[in-house]
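Visitor: In my numbering, the protein residues as written are 314 to 506. Beta carbons: idealized from backbone N, C-alpha and C, even for Gly. No experiment lies behind these values; they were computed from the predicted model shown. First the structure, which I've put down as structure tokens, then a few questions once you've had a look.
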């Protein structure tokens, strides 16, 4: 009967197995505890005046879903302000997310939204203070990508207590489960002439 002590070939195999385990352990340690990678310049941008969605206070959620700040540096196509967006894992048509806008001057503003598209994202309607801003936006795409600025037209702000709401109003026929998710980078409000 061969044992590790009596068979040099088994000793070599054992040594190789320990070496492979040590290498895998070192790689995992480096990946988990190693230096953090910088966001690639291609995916992170700075948009003047951007109200970052991940920093806006969420004041109401209607529906069974969760939100989180998501790093966008691994997404292959597009650019996101600060290299991240607000990811909303929604489950149903009619789910809504309402966020408070910062206090500012009352009046008319041109609204632009920056969003994310993906293969499992839905169709959303954005409204400000209860009035729809623009048309529903289909966020389906074969790949994860940024929309760039989506012009939603003129909105009226009171100056304090203003809210923006994102409602899931449908799904693209090509979307895959869970169908109704969305990603929101932020908003830009420019005083209307």
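1) Is it true that the region 355-368 meets the region 490-503, where meeting means three or more beta-carbon pairs spaced less than 8 Å apart?
2) Is DSSP giving residue 458 helix, strand or coil here?
3) Out of 436, 490, 431 and 447, state which residue places its alpha-carbon closest to the alpha-carbon of residue 455.
4) Considering only the beta carbon of each residue, do residue 472 and residue 505 sit closer than 9 Å?
5) What separation, rounded to the nearest whole angstrom, lies between the Cα atoms of residue 474 and residue 416?
6) Taking 9 Å as the cut-off, decide whether the C-beta atoms of residue 398 and residue 496 are in contact.
7) Looking at C-alpha atoms only, which residue of 356, 377 and 326 is the closest neighbour of residue 391?
8) Got a sec? Which residues, its chain only, sit under 8 Å from residue 393 by beta carbon, not counting five neighbours each side?
9) Output needed for residue 388: all residues of its chain with C-beta closer than 6 Å, excluding positions within five of it in sequence on either side, in chain order.
10) In terms of alpha-carbon separation, which member of 404, 436 and 469 lies closest to residue 423?
11) Which residue marks the beginning of the beta strand (DSSP E) containing residue 390, and which one marks its end?
12) If you draw a straight line from the C-alpha of residue 450 to the C-alpha of residue 369, how long is it?
13) If you drop the 5 nearest sequence neighbours on each side, which residues of the same chain put their C-beta closer than 6 Å to that of residue 379?
14) Thinking residue 410 and residue 364 are a contact (beta carbons under 8 Å), I'd like their distance in whole angstroms, please.
15) Under 9 Å between the Cβ atoms of residue 483 and residue 436?
16) Can you tell me where the beta strand (DSSP E) holding residue 440 begins and where it ends?
17) Pull up the distance between the alpha-carbon of residue 433 and that of residue 406, whole angstroms please.
18) Among the candidates 330, 337 and 445, whose CA atom is the shortest distance from the CA of residue 476?
19) Would you mind giving the Cβ-Cβ distance between residue 493 and residue 377, rounded to the nearest angstrom? I have them listed as a contact below 8 Å.
Guide: Looking at the coordinates:
1) In short, these stretches touch, since the Cβ pair count reaches three.
2) In the structure shown, residue 458 sits in a strand (DSSP, three-state: E or B).
3) Here the closest residue by C-alpha is 431.
4) Not a contact, by the Cβ cut-off of 9 Å.
5) A direct Cα-Cα distance of roughly 7 Å separates residue 474 from residue 416.
6) Using a Cβ distance threshold of 9 Å, residue 398 and residue 496 count as a contacting pair.
7) Taking only the C-alpha atoms, the option nearest residue 391 is 356.
8) These residues qualify, in order along the chain: 356, 357, 358, 385, 427, 429, 459 and 498.
9) Counting only Cβ-Cβ distances below 6 Å, and skipping sequence neighbours, we find 457.
10) Of 404, 436 and 469, the residue nearest in Cα terms is 469.
11) Here residue 390 belongs to no beta strand (DSSP E), and DSSP marks it neither H nor E.
12) So the alpha carbons of these two residues sit roughly 21 Å apart.
13) The beta carbon of residue 379 sits closer than 6 Å to those of 402, all from its chain and outside the five residues before and after it, given in chain order.
14) Contact between residue 410 and residue 364 does not hold, since the beta-carbon distance rounds to 14 Å and is not under 8 Å.
15) Annotated as proximal: residue 483 and residue 436, with beta-carbon spacing under 9 Å.
16) From DSSP, the beta strand (DSSP E) with residue 440 extends over 435-441.
17) Annotation: residue 433 to residue 406 spans about 13 Å, alpha carbon to alpha carbon.
18) Looking from the CA of residue 476, the closest CA among 330, 337 and 445 belongs to 445.
19) That pair is no contact at about 11 Å.
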